[in-house]
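> Got a structure here, written out as structure tokens. Questions coming.
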Amino acid sequence: MSDTQQLQDFVTQVRRDIVRQVHKVNSGHPGGSLGCAEFLSVLYQEVMHRKEGFDMDGIDEDLFFLSNGHISPVFYSVLARSGYFPVEELNTFRLIDSRLQGHPTTHEGLPGVRIASGSLGQGLSVALGAANAKKLNGDSHLVYSLHGDGELQEGQNWEAIMYAAAKKIDNLISTVDRNYQQIDGCTDDVLPMGNLVEKFKAFGWEVLEIEKGNDIDQIREGLNKAKSLTGKGKPVAIMLNTEMGHGVDFMMGSHKWHGVAPNDEQLEKALAQNPETLGDY
Numbered sequence: 001m002s003d004t005q006q007l008q009d010f011v012t013q014v015r016r017d018i019v020r021q022v023h024k025v026n027s028g029h030p031g032g033s034l035g036c037a038e039f040l041s042v043l044y045q046e047v048m049h050r051k052e053g054f055d056m057d058g059i060d061e062d063l064f065f066l067s068n069g070h071i072s073p074v075f076y077s078v079l080a081r082s083g084y085f086p087v088e089e090l091n092t093f094r095l096i097d098s099r100l101q102g103h104p105t106t107h108e109g110l111p112g113v114r115i116a117s118g119s120l121g122q123g124l125s126v127a128l129g130a131a132n133a134k135k136l137n138g139d140s141h142l143v144y145s146l147h148g149d150g151e152l153q154e155g156q157n158w159e160a161i162m163y164a165a166a167k168k169i170d171n172l173i174s175t176v177d178r179n180y181q182q183i184d185g186c187t188d189d190v191l192p193m194g195n196l197v198e199k200f201k202a203f204g205w206e207v208l209e210i211e212k213g214n215d216i217d218q219i220r221e222g223l224n225k226a227k228s229l230t231g232k233g234k235p236v237a238i239m240l241n242t243e244m245g246h247g248v249d250f251m252m253g254s255h256k257w258h259g260v261a262p263n264d265e266q267l268e269k270a271l272a273q274n275p276e277t278l279g280d281y
């Protein structure tokens, strides 16, 4: 998929999927999911090299690891609409015995899911191990990971960040969803992390910033730039400046929608702002 309008239609449908999944079970995390809709859509539809079908080995293809797994609604929607499993299965989100749990898990065997997530802060370590394995196996494909900015308040990340640079894991592209929001409020009020761009640089990473993290063209350009920086002795980090709840006006920019489902009236407002494009499940 290369046409920007086609990709925008994909993103709009993903946003409908997100709010419908969370509304049905009155549970889930719509805010961060909406904020990452463009990024994951561009990644899966245009950037990553993916094989037909799915296997856990992931040999001879790019890999993606979702660390901030509570944004599972956007992950499931993008996976389904990228052909990993039937779109109709989105209707089972968070139901008992469903393969689509609140945080992705692996024991249900859902295609596209390579790690269980939660507690947060572990995804970078797993992605780092996979990237290292690819280097050892002579597999030239890349490993991508996505992390919440609040997640970087947890120490395991910084151990992995140090290790990745020290061992020159230069086939790794890790993206930080920099929306400055977490469950308890603004990240700067909860536990300030300072300038993450400069911190990653100080830890020995190549770093680039996507100023408008909900702009398809900027994401496309940023991811392609990140790919061009791989293979040069340093891991690559992307600071993706997104907006919590982007695309649904009453959710935008507010941590209150981190983990709250819309009611019936709010659902209709959200759907009206994101008209059906590819067909509802």
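Each residue of the sequence shown is one higher than the last, beginning at 1 in UniProt numbering.
For glycine and all other residues, C-beta sits at the position ideal for the given N, C-alpha and C.
For threonine 4, name the three-state secondary structure that DSSP assigns.
If DSSP states are grouped into helix, strand and coil, threonine 4 belongs with the helices.
> What residue from Gly231, Ala166, Asp149 has the CA that sits closest to methionine 239's CA?
Residue Asp149 is the option with its Cα nearest to methionine 239.
> Please name the residue, chosen from Gly155, Met251, Phe85, that lies closest to serine 119 on a Cα-to-Cα basis.
Closest by alpha carbon: Gly155.
> Tell me the rounded alpha-carbon separation between asparagine 68 and isoleucine 169.
Approximately 21 angstroms, taken between the alpha carbons.
> Taking three-plus beta-carbon pairs below 8 angstroms as touching, is the stretch 256 to 271 in contact with the stretch 192 to 209?
Because the criterion of three Cβ pairs below 8 angstroms is not met, the stretch 256 to 271 and the stretch 192 to 209 do not touch.
> Starting from threonine 175, follow the beta strand (DSSP E) in both directions and report where the run begins and ends.
Element bounds for threonine 175: 172 to 177.
> Between the beta-carbon of leucine 128 and the beta-carbon of alanine 160, is there less than 9 angstroms?
Yes; because the gap between Cβ atoms is below 9 angstroms, this pair is in contact.
> Do you know offhand how far asparagine 263's Cα is from tyrosine 144's?
The straight-line gap from Cα to Cα measures roughly 34 angstroms.
> From phenylalanine 54 to aspartate 184, what does the alpha carbon distance come to, in whole angstroms?
Straight-line Cα distance between these residues: approximately 37 angstroms.
> Looking at the unbroken alpha helix (DSSP H) that takes in glutamate 221, where does it start and where does it end?
Taken as a continuous stretch (DSSP letters only), the alpha helix (DSSP H) holding glutamate 221 covers 216 to 229.
> For residue 285, report the span of its alpha helix (DSSP H) as first-last.
Here the chain comprises residues numbered 1 to 281, so residue 285 is not present and cannot be evaluated.
> Tell me whether threonine 175 is buried or exposed, calling it buried when 16 or more other Cβ atoms sit within 10 Å of its Cβ.
Buried, since its Cβ has 16 or more Cβ neighbours within 10 Å.
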